[in-house]
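Report on one structure; see the data block that follows.
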Amino acid sequence: MMDYTSTEMMTIAAARALANDDVCFVGIGMPSAACNLARLTHAPDITLIYESGTIGTRPEVLPLSIGDGELCETALTTVAVPEMFRYWLQGGRITVGFLGGAEIDRYGNINSTVIGDYDNPKVRLPGGGGAPEIATSCGQIFVVMKQGKRSFVDKLSFRTSLGHGEGHNSREKLGVTTKGPNMIVTDLCIMRPEPETKEFQVVSIHPGATREEIIEATGWDVQFADKVEETLPPSAHELEALRALNARTAAAHGEQA
Amino acid sequence: MMDYTSTEMMTIAAARALANDDVCFVGIGMPSAACNLARLTHAPDITLIYESGTIGTRPEVLPLSIGDGELCETALTTVAVPEMFRYWLQGGRITVGFLGGAEIDRYGNINSTVIGDYDNPKVRLPGGGGAPEIATSCGQIFVVMKQGKRSFVDKLSFRTSLGHGEGHNSREKLGVTTKGPNMIVTDLCIMRPEPETKEFQVVSIHPGATREEIIEATGWDVQFADKVEETLPPSAHELEALRALNARTAAAHGEQA
Amino acid sequence: MARIMTLKEAVAELVRDGDKVAMEGFTHLIPYAAGHEVIRQQRKGLTIIRMTPDILYDQLIGMGCVDKLVFSWGGNPGVGSLHRLRDAVEKQWPKPLALEEHSHAAMANAYEAGAAGLPCAIFRGYRGADLAKVNENIKSVTCPFTGEKLAAVPSIRPDVAIIHANRADRQGNVLIEGIVGVQKEAVLAAERSIVTVEEIVDDLAPPSPNSCVLPSWTVSAVVEVPGGAHPSYVQGRYPRDNAFYKAWDPIARDRDAFKAWMQENVMEKGPEAFAAYAGERA
Amino acid sequence: MARIMTLKEAVAELVRDGDKVAMEGFTHLIPYAAGHEVIRQQRKGLTIIRMTPDILYDQLIGMGCVDKLVFSWGGNPGVGSLHRLRDAVEKQWPKPLALEEHSHAAMANAYEAGAAGLPCAIFRGYRGADLAKVNENIKSVTCPFTGEKLAAVPSIRPDVAIIHANRADRQGNVLIEGIVGVQKEAVLAAERSIVTVEEIVDDLAPPSPNSCVLPSWTVSAVVEVPGGAHPSYVQGRYPRDNAFYKAWDPIARDRDAFKAWMQENVMEKGPEAFAAYAGERA
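Residue numbers (the UniProt record's numbering), protein chains in the order written: chain S, 1 to 257; chain D, 1 to 257; chain Z, 1 to 282; chain X, 1 to 282.
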C-alpha cells in the first residue's frame with residue numbers, strides 16, 4: 001500500500017461519495033479537488049458547476065479561483081451569474097452542494113462570516129458568498145473541513161448557512177425541503193447526521209486515526225455511531241489520479257507565475 | 001409633386017416624428033414601415049427593437065412577423081424574450097413605443113382583445129401581446145391606425161392598454177410616470193392630446209383630407225386644435241425610400257413563397 | 001440525461017392526456033413536427049401554453065385536443081385571426097375553450113420564474129389595463145422597501161415543454177440560436193421535455209462560450225426531425241414560409257377545409273414529411 | 001451613445017465623491033486600471049458595491065476612498081483574507097468602514113432587478129441564516145398564490161458602474177465574453193457607466209447572434225486600456241496572474257508596505273502601465 005497524507009485521504013473520501021449522475025455545485029479548494037477526482041476516477045459523467053457560471057466544466061487543472069479561465073474554456077456553457085443563482089441553484093437542479101467554513105457545529109450549521117460580535121468582530125471572515133442558498137437549495141450538502149477544536153465548535157459566532165438548525169425537524173419548520181448537510185468529511189473521519197436528532201456522529205474513521213484524536217479535535221461532546229467503520233484507504237488508482245491532478249495544477253500555476 | 005396614397009402619407013407622417021437618437025419598440029405592420037423609413041431617411045442611427053429580442057436591427061426588407069430571420073441577422077444583438085421585457089422594456093430604455101389596435105378612444109386607450117363581452121365575445125381579437133406594458137413603460141407612445149367610426153370609438157369594449165385613462169391626470173393617479181400616447185397618425189390627420197384634458201384633438205390635416213371626413217370617421221365628437229396645420233406632403237425623397245422599401249419587401253416575400 | 005428517441009416514442013411516453021403543455025417558439029423554431037405528432041396521437045384535455053399561439057395551436061384547438069389556452073397574443077402574424085381559435089371561443093366548435101389571458105411581459109416573467117423555481121413572478125405591469133379584471137391569476141405584491149404595488153402572476157410550470165432547436169450532440173446537449181424566445185425557460189420550468197432538432201452532430205460546437213445551451217441532463221428526449229419547424233424557420237437553414245402563413249387563412253376559415261387539410265397533411269403523414277423543408281446548414 | 005474617452009477624462013467626469021460605485025467582474029474582467037484611476041483621482045466617501053470584492057477593493061479601502069462596502073464575499077480567492085478590508089472593519093484604519101452584507105444569490109438578484117428597473121428582487125433565500133438579523137435591507141414578501149414567504153432585497157442601482165470588457169467597436173458597442181458575471185446587469189442598473197476594453201476595433205464581430213453585447217447607447221464612456229484587467233484576466237488574451245494574487249498577501253498585511261506599493265504602482269503610474277500585461281487576441 002502506498003503512503004498518503006491525511007489531506008489526500010480526506011479528498012478521496014469526499015470524492016467517493018459522488019455518483020456519476022450527480023450535479024455538483026463546487027466550491028474552491030478541497031471540494032474542487034474532490035469533485036474533479038471523482039470525475040477522473042469513478043464518475044466520468046458527473047456534472048460540475050461553479051458559481052461563476054460555468055456548467056459542465058472539465059478542467060484539466062484545478063482552478064485557484066472560482067472563475068479561472070480553465071473553467072470557462074472546458075465548460076459545456078457559461079451563463080451569467082444571475083441566471084446561475086436563479087435557474088440553476090434556486091431552480092433545484094443541483095444534487096450535491098459543497099460547503100466549508102471557519103466554524104461548524106454539531107448540526108452542520110456553518111459560520112464563514114465573523115468570529116466574535118458581528119458589529120465589532122474579532123476576526124472579519126470573507127463572508128458567506130453563495131452558502132446561505134447553497135445550503136437550502138441543493139439536494140444534499142457535503143462538508144469537507146480539517147477537524148480541530150477551533151473549527152468544530154459547540155456554538156457558532158454567527159450562522160452563515162443553515163445545517164440542521166437546532167436538530168430534529170428544524171429544516172422542515174423553516175419550510176426547507178432539501179436534505180441539508182448529509183456528510184462531513186475531515187482529515188480524521190466521516191460523520192453523518194443521526195437520523196432522528198440530526199446531530200452529526202462519526203460513522204467511519206480513517207486508517208491510523210483514533211477515537212481519542214477525534215474527540216480531542218471536536219469542540220462538542222462528539223458521538224460515535226453504534227457501528228463505526230474503518231474508512232477504506234486510498235487505492236493506488238485514486239492516489240495516482242489525485243497526485244497527477246495536483247501535479248498538473250502546480251505546474252500550470254507555476255508556469256503562469 | 002408625386003402622387004401618393006393615404007397609407008403612404010400616414011407612414012411618412014409617423015416616420016417624421018422619430019429622431020435619430022430615439023430607441024423604438026417597433027410593432028409589425030405600419031409601425032415597422034414608419035420606423036424603418038425614418039432609419040432610411042432622416043434618422044440613420046435610430047435604434048429599432050422588436051419584442052422578439054432583436055436589438056439595433058437594420059432590416060433590408062420589412063418583416064412579416066415580429067420574429068423574421070432578417071431581424072436577427074441584421075441586429076446588433078438578440079436577447080431572450082424574458083430579458084427583452086425585463087431589462088429593455090421595463091428597464092425604461094425605450095423612448096418611443098408604437099401601438100395600434102381594433103379600437104381607440106378619445107384618450108388613446110386601446111382595445112385589441114375582444115369586441116363585445118369578454119366571456120362571450122362577438123369577435124375574439126388576437127389580444128394585447130406586449131401592449132399593456134409598452135403603453136406604460138415607453139417614454140411616449142405613437143399610435144398609427146386607419147381612421148374610421150368602428151375603430152375610433154366613443155367607448156371601448158375592453159381596455160387592453162392604458163392611454164390617458166379618463167383624461168387629465170389619470171396616468172399619474174395610477175402611478176404611471178411616462179407620457180403615454182402623444183400622437184395618433186391616421187390616413188387623414190395627426191392628433192395630439194390637449195395638454196390639460198388629454199383628449200386627442202386634430203392638430204394637422206393631411207393634404208386633400210377635410211374636417212368633414214375626419215368628423216365622419218371618428219366615433220366621438222372630435223375636437224380640432226385652435227391652430228390646425230396642413231401636413232407637409234411626402235417629399236420625393238421620402239416617397240422613393242418608402243416605395244423602394246416596400247418593393248424590396250414584396251420581392252423578398254414573393255421569392256420565399 | 002436526454003434520451004435520443006423517435007418522435008412517436010417521445011410523444012407517446014412524455015405527453016399525456018390532461019397535461020399542461022408548452023410548445024414554445026417566438027416566430028422562430030416553432031415545433032410543428034412535434035405538435036403534429038401530438039395531434040396524430042390524439043391527446044385530449046390539454047392545457048396549451050404559449051406567448052404567441054399561431055397556426056400550430058390553431059390546429060391543436062381545431063382538432064379537439066385542447067381544453068384550455070394560456071396565452072398573450074393569438075394570431076397569424078401579419079395575416080390576421082386564428083380562425084379555429086375564434087371558432088372555439090365564439091362558437092364552441094369543436095368544443096368550448098377556456099382562456100387564461102396575460103400580457104407578453106407577464107408570460108415572459110412567468111416562464112422566467114418557473115425556470116427559477118419560484119412560485120410567482122413580480123413585475124411592473126397591467127397598470128390601467130382591464131386584463132386584471134378578467135383573470136384571477138393577476139394579483140399584486142407590495143415592495144417592502146418603496147411601497148410600490150407590483151403585478152404578480154403565478155410562475156408557469158408545464159408538465160411538458162416541447163421545442164425545436166438548431167442542433168444537438170449525441171449526448172443530447174442542445175444548442176438554441178438566433179431568436180431564442182422563452183424556449184430555454186420553458187424547458188427548465190417543465191417537468192418533462194421534448195426537443196426536436198434539425199440535426200444531431202458529433203460536436204455541438206457552440207460559437208460562443210455564452211451560447212444558449214441546454215445540457216443533456218435538463219432534457220427528457222431529443223429527436224432529430226430535419227425541417228421540423230416548418231412553416232416556421234430555423235436561422236441559417238431555411239426561411240420562414242410566409243406564403244404558407246398566408247395560405248393558411250382560407251383553409252382555417254372553413255371547418256371542412258380545415259378537417260380535410262389536417263387529414264391529408266397531418267393524420268396521414270409522419271415527421272419524415274418535414275424533411276422536404278429542411279435546408280442545408282449555412 | 002457612448003463617448004470614447006481617456007481613462008482620466010472618464011473618471012474625472014463620471015465618478016464623483018460620495019457615489020455608489022459598482023466595479024464588477026467575477027474573477028474574470030475585473031476593472032483594475034479604472035479602479036486605480038479612481039484611487040489616483042482621490043475620490044472620497046464612496047459606497048462600493050461588488051459580489052466578490054478582491055484586491056482592487058482592498059486597495060480602494062486601504063487608500064481611504066470608501067465609506068461603505070456592499071458585498072457578499074470579500075477575500076483573496078484561493079489565498080485568504082483581504083487585510084486592508086479586515087483592518088478597516090476590525091481596527092477602523094484608515095477610517096471606519098460600514099458593511100452591508102448579502103449572499104451571492106441576493107446580490108445577483110438585486111443587480112438583475114436593478115437592470116430590470118424594479119425596486120426590489122424576490123428569491124428563495126436566507127432561510128435559517130443569520131444575515132437577515134444584521135441587515136435591515138433583507139425583508140420578505142408573501143407569494144399571493146401559494147402563501148410562501150420569499151426573501152426580498154432592494155435592487156442595486158449604482159450611480160456609476162465600471163467594468164472591463166473584451167472589446168468595443170468605434171461606435172462604442174461592447175462585447176463581453178467568457179465568464180460574464182453580473183457586468184451587463186451592473187451597467188444597465190447604473191445611472192452612468194465606464195467600460196474599459198482590451199481594444200477598440202472596426203467590427204465588433206460577436207461570435208453568436210446571442211452574444212453578450214451592451215449597445216453603445218447604454219454606456220456612458222468606452223476607454224481602450226490594453227491589459228486593464230490585470231492581475232485578473234481576459235479570456236483568450238492573458239491568463240489570471242495567480243502569482244500576483246499570492247504575492248499581494250504579504251504586501252497587504254502591513255500598512256506601510258501597502259502604502260509604499262500603492263505609491264509606486266498606482267499613484268505614480270497611469271493606465272498605460274497595464275499594456276505590459278496585455279496579450280494578443282487568441
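Heads up, the beta-carbon is just placed ideally off N, CA and C, and yes, glycines get one too.
Exposed is the label assigned to D/Glu166, since fewer than 16 other Cβ atoms lie within 10 Å of its Cβ. The three-state reading of DSSP puts Z/Leu60 in helix, counting H, G and I together.
DSSP links S/Gly116 through a beta bridge to S/Pro121. Within the DSSP secondary-structure output, S/Cys189 pairs in a beta bridge with S/Ile205. Selection Z/Glu136, Z/Cys120, Z/Trp93 evaluated against Z/Asp67 yields Z/Trp93 as nearest (Cα-Cα). Its Cα nearest to that of D/Leu76, the residue D/Ile46 stands out among D/Met9, D/Pro181, D/Ile46, D/Pro193. Under the three-pair Cβ rule at 8 Å, the stretch 201 to 218 of chain D does not count as touching the stretch 169 to 176 of chain D.
Look at Z/Leu29: its C-beta is not under 8 Å from any C-beta on chain S. Leaving aside the five residues that flank S/Glu133 on each side, the residues in its chain whose CB is nearer than 8 Å to its CB run, in chain order, Phe85, Leu89, Gln90. Along the stretch 68 to 80 of chain X, going in chain order, the ones with a CB nearer than 9 Å to a CB of chain S are Phe71, Ser72, Trp73, Gly74, Gly75, Asn76, Pro77, Gly78, Val79, Gly80. Within the stretch 105 to 117 of chain Z, those residues whose Cβ lies closer than 7 Å to any Cβ of chain S are, in chain order, Ala115, Ala116, Gly117. Here S/Ile184 carries a strand assignment [DSSP, helix/strand/coil].
The shortest CA-to-CA distance from D/Tyr107 to any of D/Pro234, D/Val222, D/Ser204 is the one to D/Val222. Shown here, X/Tyr233 sits in a strand according to DSSP, grouped into three states. Counting only Cβ-Cβ distances below 7 Å, Z/Val141 has contacts in chain X at Val141, Pro144, in chain order. Distance from the Cα of X/Thr218 is smallest, within the candidate group X/Val79, X/Arg84, X/Val195, for X/Val195. Listed in chain order, the non-local C-beta contacts of Z/Ile162 below 6 Å within the same chain comprise Met23, Pro31, Ala34, Ile194, local neighbours out to five positions each way being set aside.
DSSP places Z/Ser211 outside any alpha helix (DSSP H), giving it a letter other than H or E. Straight-line spacing of the CA atoms in D/Gly53 and Z/Thr27 works out to 11 Å.
The Cβ-Cβ distance between S/Leu37 and S/Thr57 does not fall below 8 Å. Between X/Glu198 and X/Asn166, the gap from beta carbon to beta carbon is short of 8 Å. Assigned with DSSP and collapsed to three states, X/Asp256 falls in helix.
For S/Leu188 against S/Ile205, the beta-carbon gap comes to about 7 Å, under 8 Å, which counts as contact. Assignment of D/Tyr50 by DSSP, reduced to helix, strand and coil, places it in the strand class. At least one CB atom of chain Z sits nearer than 8 Å to the CB of S/Gly92. In this structure, X/Glu185 sits near X/Glu112, with a CB-CB distance shorter than 8 Å. For X/Val180, the C-beta contacts it makes with chain Z under 7 Å involve Asn210, in order along the chain. Taking 8 Å as the threshold, the shortest C-beta distance from X/Phe26 to chain S falls below it. According to the DSSP assignment, S/Asn36 belongs to the alpha helix (DSSP H) that extends over 30 to 40. Secondary structure within the stretch 138 to 190 of chain X: the alpha helix (DSSP H) runs of 4 or more consecutive residues, fully enclosed, are 183 to 189 (chain order). The beta carbon of X/Ala152 falls within 8 Å of a beta carbon belonging to chain Z, placing the residue at that interface.
Taking a cut-off of 8 Å on C-beta distances, the stretch 94 to 109 of chain Z does not touch the stretch 94 to 106 of chain X, as fewer than three cross pairs fall below it.
Residues Ile46, Thr95, Val96 of the same chain have their beta carbon placed closer than 6 Å to that of D/Asp22, with the five preceding and five following residues left out of the count.
Taking the Cα of S/Ser6 as reference, the smallest distance to any Cα among S/Arg124, S/Val185, S/Ala236 is reached at S/Val185. Z/Gly228 and Z/Phe274 have their C-alpha atoms some 5 Å from each other.
Of the residues assessed, Z/Thr146 falls on the exposed side of the cut-off, its CB having fewer than 16 other CB atoms within 10 angstroms.
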